[in-house]
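These notes concern the structure reproduced below.
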Amino acid sequence: MKNVRELFQIMTRRFGFLDKNCCSAGGCDISLIQSHILYEIDRQHKPSIQQVAEALGTDITTFSRQVQSLIKMKLVKKTPDPDDRRVNLLSLTTEGKYVAASIDQQMNDYLNKIFSHMNDFEKDTVIRSIKLLNEAMAKSGQCCSTPSFG
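Residue numbers are given in UniProt numbering: position 89 of the sequence shown equals residue 89, and the series is strictly consecutive.
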């Protein structure tokens, strides 16, 4: 069996996770992190900046820059929370909803194409294995954190 890390490296490359722009939709080039942000904003109902940053495991400074770029692209809207003016809520603009739906369609088409090379049993096995892997990863904390010496 190949080195397990190598299997993940190959899968990451094939999925295009290392590409600068993961998708193009509505005339916009969208980076991988931006596509994740759009997905989370769409999935949650008017989340705060903090909620989306936490869901993505991203530090707030890097995240804020990405959100600003999505606001400039007119894909995301930031509005103060009526209950707490210090908190900003995020929502997708009409264009943002279109781009998010387009990315979703592209990803679903790609996954369907991948799964078309498998029978139902293999497809179910892969999906079940990914669920197990995601659950184990959630329990294991973050990879590659800097060790503390002291």
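Where is the CB? At the ideal position from N, CA and C, for every residue including glycine.
Everything numeric in this text was worked out from a predicted model, so none of it was measured.
- Taking C-beta atoms under 8 Å as the contact rule, A55 and E40 qualify, at a distance of about 5 Å.
- For the 8 Å CB-CB criterion, E95 and L75 form a contact.
- Annotation: M137 to L89 spans about 29 Å, alpha carbon to alpha carbon.
- Under DSSP, T79 shares a beta bridge with L89.
- Every alpha helix (DSSP H) stretch that sits fully inside the UniProt domain "HTH marR-type" (1–135) and reaches 4 residues is listed by chain position as 4–15, 32–43, 49–56, 60–72 and 94–115.
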